[in-house]
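Numbering (my numbering), first residue to last: 15 to 185. Idealized CB from N, CA, C, for every residue including glycine. Note that the structure is a prediction, hence the values are computed from the model and not measured. Taking it in order: structure first as structure tokens, then the write-up.
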């Protein structure tokens, strides 16, 4: 949620659109890259429910993942396709070109999932995952998450359905 004076913006895509009206650099400057980035961001915002449900977010563990559904395979294939498309079309190192933008931020949680579950996103996708996980903001997010001692029982139960935990880096 973003509160700016008397304005409240409560949806993640709404926050990004609101910020883009007030700040340069939220979206790529190039019109073609910007159109692609907005579409990919909207797809991430409203889609990939199998990935979200079957590979829950957890930066602090590594999991030998149980087989997923066809829907999960479809989500992973589409994400892999999107990432390869953006990186190839706009030259990287970020999804829509030379600068980190909102589309990278929206896919950041997927990068952690790729690492946690060993999801195959192809060489270009894996290179992007390594790059974004090395980003200072992502490193800070990870460090904060690893330092958190509170555990949400329902999230722990969800994690147990994803496969066998092979490493736990949480405190």
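Residue 176 and residue 91 - do their beta-carbons sit closer together than 7 Å?
Taking the first residue of the chain shown as position 1, residue 91 is located at position 77. Taking the first residue of the chain shown as position 1, residue 176 is located at position 162. No. Outside cutoff.
Would you mind sorting residue 42 into buried or exposed? The rule is 16 or more other CB atoms within 10 Å of its CB.
Numbered from its first residue, the chain shown carries residue 42 at position 28. When all chains shown are included, residue 42 counts as buried.
Judging by CA-CA distance, which residue of 112, 136, 73 and 44 is the nearest neighbour of residue 96?
Taking the chain shown and counting its residues from 1, the one referred to as residue 96 is at position 82. Of the listed residues, the one whose Cα sits closest to residue 96 is 136.
Exposed or buried, which one is residue 61 when buried takes at least 16 other CB atoms within 10 Å?
Here residue 61 is taken as the residue at index 47 of the chain shown, counted from 1. The residue is exposed, with fewer than 16 neighbouring Cβ atoms inside 10 Å.
Burial state of residue 65, where buried means 16 or more other Cβ atoms lie within 10 Å:
Residue numbering aside, residue 65 sits at position 51 when the chain shown is read from its first letter. By the 10 Å Cβ count, residue 65 comes out buried.
Under the rule that 16 or more other beta-carbon atoms within 10 Å means buried, what is residue 3, buried or exposed?
The structure shown does not extend to residue 3, since the chain is modelled only from 15 to 185, so the question has no answer here.
Spatially closest choice to residue 172 from 56, 33, 49 and 67, by CA coordinates:
Translated into positions along the chain shown, residue 172 becomes position 158. Looking at the Cα atoms, 67 is the closest of the given residues.
Report all residues from its chain with a CB closer than 6 Å to the CB of residue 16; omit the five preceding and five following residues, and keep chain order.
One-based indexing of the chain shown puts residue 16 at position 2. If we look at residue 16 and ignore the five residues flanking it on each side, its Cβ neighbours are 23 and 29.
Contact check, residue 131 vs residue 73, beta carbons under 7 Å
For the purposes of this step, residue 131 is identified with residue 117 of the chain shown, where counting begins at 1. For the purposes of this step, residue 73 is identified with residue 59 of the chain shown, where counting begins at 1. Contact flag unset, no.
Separation of residue 118 from residue 167, as counted between CA atoms:
The count along the chain shown starts at 1 and reaches residue 167 at position 153. The count along the chain shown starts at 1 and reaches residue 118 at position 104. Approximately 30 Å, taken between the alpha carbons.
Determine the DSSP secondary structure at residue 158, reduced to helix, strand or coil.
Taking the first residue of the chain shown as 1, we reach residue 158 at position 144. In the structure shown, residue 158 sits in a helix (DSSP, three-state: H, G or I).
Tell me, please, whether the region 154-161 touches the region 41-55 by the rule of three or more beta-carbon pairs shorter than 8 Å.
no
Straight-line CA distance for residue 69 to residue 85?
Counting from one through the chain shown, the residue named residue 69 turns up at place 55. Counting from one through the chain shown, the residue named residue 85 turns up at place 71. Answer to the nearest angstrom: the Cα atoms are 12 Å apart.
In chain order, what residues of the same chain have a beta carbon less than 7 Å from the beta carbon of residue 32, not counting five sequence neighbours either side?
Here residue 32 is taken as the residue at index 18 of the chain shown, counted from 1. Only 16 and 23 meet the Cβ criterion.
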